[in-house]
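Novice:
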Amino acid sequence: MTDFATRFRARPRADRKVTFLADGRPAAELTHLELDRRARAVASWLTGAGLAGRPVLLLYPAGLDFLVAFLGCLYARAVAVPAPLPVPGTSRADRVDRLVEDSGARVVLTDEAHVAALGELSARTFDETAGPWEPPEVAADDIAYLQYTSGSTSRPRGVEVTHGGLAHNLELFARISGDVPVRRIGGWLPHHHDMGLVGLQLQALHAGADLVLLSPEAVVARPVRWLRAISEHRVDWTVAPDFGYAWATHRVTDEEVAGLDLSCLTMAVSGAEPIRIATLDAFARKFAPAGFRRTALNPGYGLAESTLVVTCTSRGRGPTVRSFTPASLAAGEVVPASDGDGVPLVGCGEPGGMAVRIVDPATGAEVGDGAVGEIRVAGPSLAAGYHGDPAATRATFVTGPDGRWLRTGDLGFLLDGQLYVTGRIKELIIVRGRNLYPHDIEFSAREAHPDAGTGAAFGVRDADSGEHVVLVQEMRRAARGHPGEFADAVLDAVTRQFGVPVSIVVVRSGSIRRTTSGKVRRGHMRDLFLGGGLSALHSALSPAVAAIVTDSEGNRV
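Mapped onto full-length UniProt numbering, the consecutive letters of the sequence shown carry residue numbers 1 to 557.
1) As an exercise, report each continuous alpha helix (DSSP H) stretch of at least 4 residues that is fully enclosed by the region 342-427, in chain order.
2) Between the C-alpha atoms of Ile-375 and Gly-48, what's the straight-line distance to the nearest angstrom?
3) What would DSSP say about Lys-17, mapped onto helix, strand or coil?
4) Below 8 Å, how does it come out for the region 467-486 and the region 498-510: are there three or more Cβ pairs, yes or no?
5) Mark Pro-336 as exposed unless 16 or more other C-beta atoms lie within 10 angstroms of its C-beta, in which case mark it buried.
6) If you follow the beta strand (DSSP E) that Leu-436 is part of, which residue opens it and which one closes it?
7) Would you mind reading off the limits of the alpha helix (DSSP H) that contains Trp-247?
8) Using a threshold of 8 Å, state whether the C-beta atoms of Thr-31 and Ala-10 are closer than that.
9) If you drop the 5 nearest sequence neighbours on each side, which residues of the same chain put their C-beta closer than 6 Å to that of Thr-454?
10) Gly-353 to Val-309, Cα distance in whole Å?
11) From Asp-440, Leu-345 and Thr-295, pick the residue whose C-alpha is nearest to that of Leu-265; which is it?
12) Per DSSP, Asn-169 forms a beta bridge with which residues?
13) Do Ala-240 and Asp-3 have their C-beta atoms closer together than 8 Å?
14) Are the region 396-408 and the region 434-450 in contact at 8 Å, needing three or more beta carbon pairs?
15) Smallest Cα separation from Ala-209: which of Trp-226, His-192, Pro-190 and Val-180?
16) Would you mind reading off the limits of the alpha helix (DSSP H) that contains Phe-8?
17) Within the same chain, show all residues whose beta-carbon is closer than 6 Å to that of His-439, passing over the 5 residues directly before and after it, in chain order.
18) Taking the DSSP output, what are the residues bridged to Val-239?
19) Let me know the beta strand (DSSP E) ranges lying completely inside the region 56-110, each 3 residues or longer, listed in chain order.
20) Should Gly-158 and His-387 be called a contact, given that it needs their Cβ atoms to be closer than 8 Å?
21) Ile-277 lies in the alpha helix (DSSP H); which residues open and close that run?
22) Where does Asp-142 sit, in a helix, a strand or coil, going by DSSP?
23) Quick check: what's the CA-CA separation for Glu-160 versus Glu-134?
24) Should Pro-216 be labelled buried (16 or more other beta-carbon atoms within 10 Å of its own) or exposed?
25) I need the DSSP call for Leu-35, collapsed to helix, strand or coil.
26) Which residues mark the beginning and the end of the beta strand (DSSP E) in which Phe-324 is found?
27) In three-state terms, what does DSSP make of Ala-209?
28) Give the DSSP-derived three-state secondary structure of Ser-542 in the structure shown.
29) Would Leu-67 and Gln-201 qualify as a contact pair, given that the criterion is a beta-carbon distance under 8 Å?
30) If I measure Cβ to Cβ from Ser-225 and keep anything under 7 Å in the same chain, skipping five residues before and after, which residues do I get?
31) For Gly-533, does the count of other Cβ atoms within 10 angstroms reach 16, so buried, or fall short, so exposed?
32) Out of Lys-286, Tyr-301 and Ala-258, point me to the one whose CA is closest to Tyr-245's CA.
33) Can you tell me where the alpha helix (DSSP H) holding Thr-495 begins and where it ends?
34) When you compare the CB positions of Thr-363 and Gly-342, do they come within less than 8 Å of one another, or not?
35) Pull up the distance between the alpha-carbon of Gly-186 and that of Leu-197, whole angstroms please.
36) Tell whether a beta-carbon distance below 8 Å holds between Gly-63 and Ala-43.
Here it is as C-alpha cells:
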C-alpha cells in the first residue's frame with residue numbers, strides 16, 4: 001500500500017502550486033515542491049519531539065500554514081487533529097477544550113499570529129530549520145488523523161481515519177473525475193471539515209493539480225468571491241454543501257454574474273447535507289449566462305466515518321432526478337410519480353469502490369430496491385472507529401459474516417443503481433405512523449413566504465398523544481412585516497402539504513444554529529426550544545406542545 005503522504009513526497013511538482021486568496025492582500029503561494037520541503041521540516045521537528053503515533057492539535061486560520069502542518073504530521077506518522085481556531089467567549093472555544101481532552105493532544109501547532117492568544121494551550125510554531133529526517137514506515141491501518149464530526153445530531157466524536165482509508169478515498173475521487181485530468185481545484189470549505197480537507201485540499205495534492213483556497217468567512221460575507229476565483233483562475237473542480245450553492249444564488253447580483261466566466265468549471269460537487277434539486281436548478285439558471293453548464297453538477301453522499309466520499313455522480317453526467325409520491329415516501333416504499341405531482345429526489349451516484357446496502361433499521365435485514373431503510377457502507381475507506389470510545393465503535397462499525405459495515409444513521413434507498421438519501425434516523429418525525437422528513441418541512445416553509453429564511457423542524461413527544469411537529473423558522477426583514485401574519489402563511493403552506501398539525505416559533509435571521517459544514521443542528525434547536533432558550537418574535541403552539549415546554553428558569557409555560 002502506498003499511502004497518500006508517501007506518494008506525494010515521492011513526486012512533488014515545481015510546476016503546480018497552492019494559492020490562498022486573502023481579500024485586500026497579495027495572494028500567498030507555495031509550489032508543491034516548496035510545500036513538500038516545508039512539510040519535511042515539520043516532520044523532522046515532530047519526529048525529534050517523539051510525537052510519532054501521538055495526537056497533535058492543529059489550530060490555524062484559513063491559509064497555507066495548516067496544509068504544511070497537516071502534511072508534516074502525515075510525514076512523521078503523528079496523528080493530526082484539525083480543529084477550528086477558538087474564539088474567546090464562544091461555543092467554539094468550549095469545543096476546542098473538549099477536543100484537547102478527548103484527543104489527548106499535548107502539543108498544539110499554530111501560526112505566528114496566534115501563538116500568544118493560544119498560550120493557555122501551550123501552542124507553538126514549528127522550527128523550519130530542523131535537521132535531516134528519515135521517513136518512518138507507515139502501515140495501512142495506522143491512524144493518519146482524527147476527523148471530529150460536526151455534531152449535527154450528537155456530541156462531536158473523533159473519527160480515526162487511517163492512512164489506507166485516506167489513500168483509498170482519494171482514489172475514489174480520481175475515478176469520479178474520469179479520464180480527464182483535474183487541472184485546478186478551488187473552494188472555501190474549512191480545512192477542519194472532512195469535505196474541505198479531503199475533497200478540496202488533499203484531493204488537489206493527490207491529483208497533482210493546482211489548488212486555489214479562500215477563507216470561509218470571506219465567501220459567506222460575499223459569495224461572489226468564490227465564483228470570481230473560479231473564473232479568474234480557471235478552476236475546473238469545486239466542492240460545497242447545498243447551502244453554499246443556495247447562498248451564492250441568492251447573494252450574487254446579475255451585474256456580478258455578467259463579469260464571470262464559469263465555462264471552465266466541469267465538476268461542482270454538492271454534498272454534506274440533503275441535496276435539493278431546486279437549489280441545483282436555481283444555481284444552474286443563475287449562472288448559465290456566465291457559461292456554467294448544468295452537467296457540471298455532481299451530487300454525492302459521504303461522511304467522515306468513510307473518510308469522505310461513498311458515492312458521487314461522475315464528471316459530465318449531471319444530476320439524476322426522480323419524483324416519488326409523498327404517500328409512498330411517508331410509508332417507506334417509494335412509488336414513482338408523474339412530473340410535477342411528486343417529491344423530487346436527487347441521486348447521489350452509483351456505488352463503486354464502496355459497497356452500499358439498505359437495511360431495516362430495526363432488524364438489520366436487507367431490503368429491496370425502492371424500500372427506504374438505513375444506509376450501510378463497507379469498503380477500504382472505512383475509518384478504524386471513534387477515538388477513545390470502543391462502545392460507540394462497536395455500535396457503529398458492525399462486523400459480521402460478510403465483513404465490517406458502517407451503520408451510517410442515514411435513511412435512503414437504492415433504485416436503478418442510484419443511491420437516494422432521504423434523511424437521518426434520529427431526525428425522522430413519525431406522526432400517526434407517517435414518516436416525515438425535517439428538510440421537506442423546512443423546504444415547504446422556505447417556499448411559503450419571501451421573508452422565510454432558514455428553518456429547523458423536529459419532533460417533540462408527550463406521553464399521551466405521541467410525537468408532534470415543531471418548526472423554528474427564521475423571518476427575514478422582521479421589521480417590515482408582522483410575525484403573526486408571516487407565521488400564518490407558513491403554517492398554511494406546511495399543513496396543506498403534509499396534513500399534520502405544526503407548532504411554529506418565528507425567530508430573527510441568524511438564530512438557527514448550524515454545524516461547520518452548514519448543516520442545521522436540529523437536535524440543538526430542539527433542546528433550545530424545550531428549555532425556553534429561544535428569543536421568539538411570535539409563537540403558535542398546540543396545547544400538547546405548549547404543555548411540555550419550559551421557560552429559561554425551568555418552569556412550564
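Glycine is no exception: its CB is placed at the ideal position from the N, C-alpha and C atoms. Since we're looking at a predicted model, the values are computed, not measured.
Specialist: Concretely, from the data shown:
1) 390-396
2) A direct Cα-Cα distance of roughly 44 Å separates Ile-375 from Gly-48.
3) strand
4) By the C-beta criterion, the region 467-486 is judged to be in contact with the region 498-510, since at least 3 inter-stretch pairs fall below 8 Å.
5) With fewer than 16 Cβ atoms within 10 Å of its Cβ, Pro-336 is classed as exposed.
6) Unbroken beta strand (DSSP E) run through Leu-436: 434-436.
7) 242-251
8) No.
9) Within the same chain, Glu-474 and Ile-512 come within 6 Å of Thr-454 by CB-CB distance, once the 5 residues on both sides are set aside.
10) Using only the alpha carbons, I get a separation of about 10 Å.
11) Thr-295
12) None, per the DSSP bridge assignment.
13) no
14) No, the region 396-408 does not touch the region 434-450.
15) The shortest C-alpha separation from Ala-209 is found at Val-180.
16) 4-10
17) Pro-274
18) Val-269
19) 79-83 and 107-109
20) Between Gly-158 and His-387, the C-beta gap is smaller than 8 Å, which places the two residues in contact.
21) 277-287
22) coil
23) Rounded to whole angstroms, the separation of the alpha carbons of Glu-134 and Glu-160 is 25 Å.
24) buried
25) helix
26) Its beta strand (DSSP E) spans residues 321-324.
27) coil
28) Note: Ser-542 maps to coil in three-state DSSP.
29) yes
30) Strictly speaking, residue 225 in this sequence is Arg, with Ser absent from that position. These residues qualify, in order along the chain: Asp-23, Leu-214, Ala-218 and Val-219.
31) Per the 10 Å Cβ criterion, exposed.
32) Lys-286
33) 483-498
34) no
35) 12 Å
36) no
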